[in-house]
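*Asks:*
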Amino acid sequence: MAAATSSSTVATSGGEVAVERRGIPGASFVKDVEAYLNQLGLDVNSTLAFLQERLQQYKVVEMKLLAQQRDLQAKIPDIEKCLDVVATLQAKKDSNEALLTDFELSEGIYSRARIENTDSVCLWLGANVMLEYSFEEATSLLQSNLENAKASLEVLVADLQFLRDQVTITQVTIARVYNWDVHQRRSKQASSSQDS
37 MAAATSSSTV ATSGGEVAVE RRGIPGASFV KDVEAYLNQL GLDVNSTLAF LQERLQQYKV
97 VEMKLLAQQR DLQAKIPDIE KCLDVVATLQ AKKDSNEALL TDFELSEGIY SRARIENTDS
157 VCLWLGANVM LEYSFEEATS LLQSNLENAK ASLEVLVADL QFLRDQVTIT QVTIARVYNW
217 DVHQRRSKQA SSSQDS
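All you need for my numbering is the position in the sequence shown, starting with 1, plus 36.
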């Protein structure tokens, strides 16, 4: 897991470049704009266009990661609720009591059920697949799914933080390149007016 969440930096003549993290390319922090432009082999306008395009790519990836984060944040409480239901069914089985419950048939339509002594529970696995499990198997499967979902959410949050850092670095680089270009133009303009 550590390898999937790690990233490193490499020093270059123009600044530091963060190596990609799980497919997200790293952004360059530019210390010397002129060296950075020479290293890329691009003029200022092409460099700014490249950086703007990279910024848009980061925004697209961020939208995808945020959607995945919302899905996981919705999935975790559902799994916890399923674990509670399985535990309740098991407790009622051990006490030989019937369980009265309301369940949703359709959105806003509920029905009451009386659940007698049972040894198993059916779980939706997705893609319209449902399997019957013993309480122990269901608890084990749900606990494993919960741990996986929490671990995935943790990695996703770290990916989002890395991505936000890359967005900030790219925005700073755009500003530095633009300001350097303005400074160069003013210097040329001042020197040409002094020569006249």
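Just so you know, even glycine gets a beta-carbon here, dropped at the ideal spot from N, CA and C.
Model, not experiment: these values are computed from the prediction.
Please classify Q88: does DSSP put it in a helix, a strand, or coil?
*Replies:* Counting from one through the sequence shown, the residue named residue 88 turns up at place 52. It is helical.
*Asks:* For N184, tell me which candidate among N74, S142, I115 has the shortest Cα-Cα distance.
*Replies:* The residue labelled residue 184 in the question sits at position 148 within the sequence shown. When each option's Cα is compared against that of N184, the closest is I115.
*Asks:* Between the C-alpha atoms of Y169 and C118, what's the straight-line distance to the nearest angstrom?
*Replies:* Against the sequence shown, residue 169 aligns to sequence position 133. Against the sequence shown, residue 118 aligns to sequence position 82. Taking the straight line from one Cα to the other gives about 13 Å.
*Asks:* Mind the definition here: the segment 102-109 touches the segment 130-139 only if three or more C-beta pairs lie below 8 Å; say whether that holds.
*Replies:* The segment 102-109 vs the segment 130-139: no contact.
*Asks:* Taking a contact to mean a Cβ-Cβ separation below 8 Å, would you say D87 touches I210 in this structure?
*Replies:* Here the question's residue 87 lines up with position 51 in the sequence shown. Here the question's residue 210 lines up with position 174 in the sequence shown. A small fix is needed here, since residue 87 is Leu in this sequence, not Asp. Going by C-beta atoms, L87 is nearer than 8 Å to I210.
*Asks:* Using a Cβ-based criterion (distance less than 7 Å to any ligand heavy atom), does Y94 qualify as near the ligand GTP?
*Replies:* This structure does not include the ligand GTP; it has no bound ligands of any sort.
*Asks:* Give the C-beta separation of G62 and Q230 to the nearest angstrom, bearing in mind that I take them to be a contact with Cβ-Cβ under 8 Å.
*Replies:* Taking the sequence shown and counting its residues from 1, one reaches residue 62 at position 26. Taking the sequence shown and counting its residues from 1, one reaches residue 230 at position 194. Actually they are not in contact, since the Cβ atoms of G62 and Q230 sit about 42 Å apart, beyond 8 Å.
*Asks:* When the Cα atoms are used, what is the spatial distance from A194 to R57?
*Replies:* Position 158 of the sequence shown, counting from 1, holds the residue named residue 194. Position 21 of the sequence shown, counting from 1, holds the residue named residue 57. Their backbone Cα atoms lie some 10 Å apart in a straight line.
*Asks:* Do you know offhand how far D217's Cα is from V80's?
*Replies:* Start at 1 with the first residue of the sequence shown, and residue 217 comes out as number 181. Start at 1 with the first residue of the sequence shown, and residue 80 comes out as number 44. Their backbone Cα atoms lie some 7 Å apart in a straight line.
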